[in-house]
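Residue numbers (the working numbering), protein chains in the order written: chain Z, 1 to 117; chain S, 1 to 116.
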């Protein structure tokens, strides 16, 4: 079985604060993929990043950074100097086959981030 | 650009009706997924398909069935719609698997279904 846990249901910050969104995953597979998606109020899911299980290098893209740690099964997402436009629901997702033959894509429940001016 | 298109943005159906939600992708992706999204519950996987005519149950398949007769099209069927199936339905496609070029999942714009 595979599972994604986003323990933070809602986070509220003031503009320019840094914020970290947590993601913990479970899978029996050794090969898997992790994702973050953003869902703004318009509703469309926007892809942010994909990581495979063999690449633990942290990544930075502008104000966004991701910290992948296999030892703790975590894939956390940090927004530096948050802006009002960052307000959205953020989903962490896991794609693995959990020992089977077909890849299943499982999402966490999402974290609602509100950035206040 | 990859496109995943869902046939309707909004649907209103009556209890007991048979409902078809259609999804088409244009990138020759092998994997296709149907999710429902409800407040506080995130995206829950209903069914997915990894090839034509192949399907697997997701986490909440009860009350739903699917059809994949062609690679580009994945249909979600509510055999007898009920009010607890009122939700946002999202279709996605991807190209993932051992030894393959992997992609992220691309999503459609969603279908908001109301069952009255």
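Even for Gly, the Cβ is constructed at its ideal location relative to N, Cα and C. All values reported here derive from a predicted model rather than from experimental measurement.
query: Could you pull out every residue in the same chain whose Cβ sits closer than 7 Å to the Cβ of residue 12 (chain S), ignoring the five residues on either side in sequence?; result: 114, 116
query: Is it true that the CB of residue 43 (chain S) sits closer than 9 Å to the CB of residue 64 (chain S)?; result: no
query: Determine the extent of the beta strand (DSSP E) in which residue 91 (chain S) is found, giving its start and end residues.; result: 87–94
query: Apart from the five residues just before and just after residue 80 (chain Z), which ones in its own chain have a Cβ nearer than 6 Å to its Cβ?; result: 18, 63
query: Does the stretch 14–22 of chain S come into contact with the stretch 104–116 of chain Z, if we say contact requires no fewer than three beta-carbon pairs (one atom in each stretch) closer than 8 Å?; result: no
query: Determine the closest residue to residue 50 (chain Z) out of Z:105, Z:111, Z:1, with distance taken between C-alpha atoms.; result: Z:105
query: Any residues in the stretch 69–87 of chain Z with a beta carbon nearer than 9 Å to a beta carbon of chain S? Which ones, in chain order?; result: none
query: By the 8 Å beta-carbon criterion, what residues does the stretch 17–42 of chain S contribute toward chain Z?; result: 31, 33, 35, 40, 41, 42
query: With H, G and I counted as helix, E and B as strand and the rest as coil, what does DSSP make of residue 67 (chain Z)?; result: strand
query: In whole angstroms, give me the CA-to-CA distance for residue 8 (chain Z) and residue 36 (chain Z).; result: 15 Å
query: What first and last residue would you give for the beta strand (DSSP E) that runs through residue 104 (chain Z)?; result: 104–107
query: Quick check: the Cα distance between residue 98 (chain S) and residue 29 (chain S), rounded to an integer number of angstroms?; result: Summary for residue 98 (chain S): the model assigns pLDDT 48, below 50, so the residue's position carries little reliability, and this model does not support an answer.
query: Determine, using beta carbons only, whether residue 69 (chain S) comes closer than 9 Å to chain Z.; result: no
query: Look up residue 86 (chain Z) in the DSSP assignment and say whether it is helix, strand or coil.; result: helix
query: Just to check my reading of the structure: residue 39 (chain Z) and residue 1 (chain Z) have Cβ atoms closer than 8 Å, yes? What is that Cβ distance to the nearest angstrom?; result: About 25 Å; that fails the 8 Å criterion.
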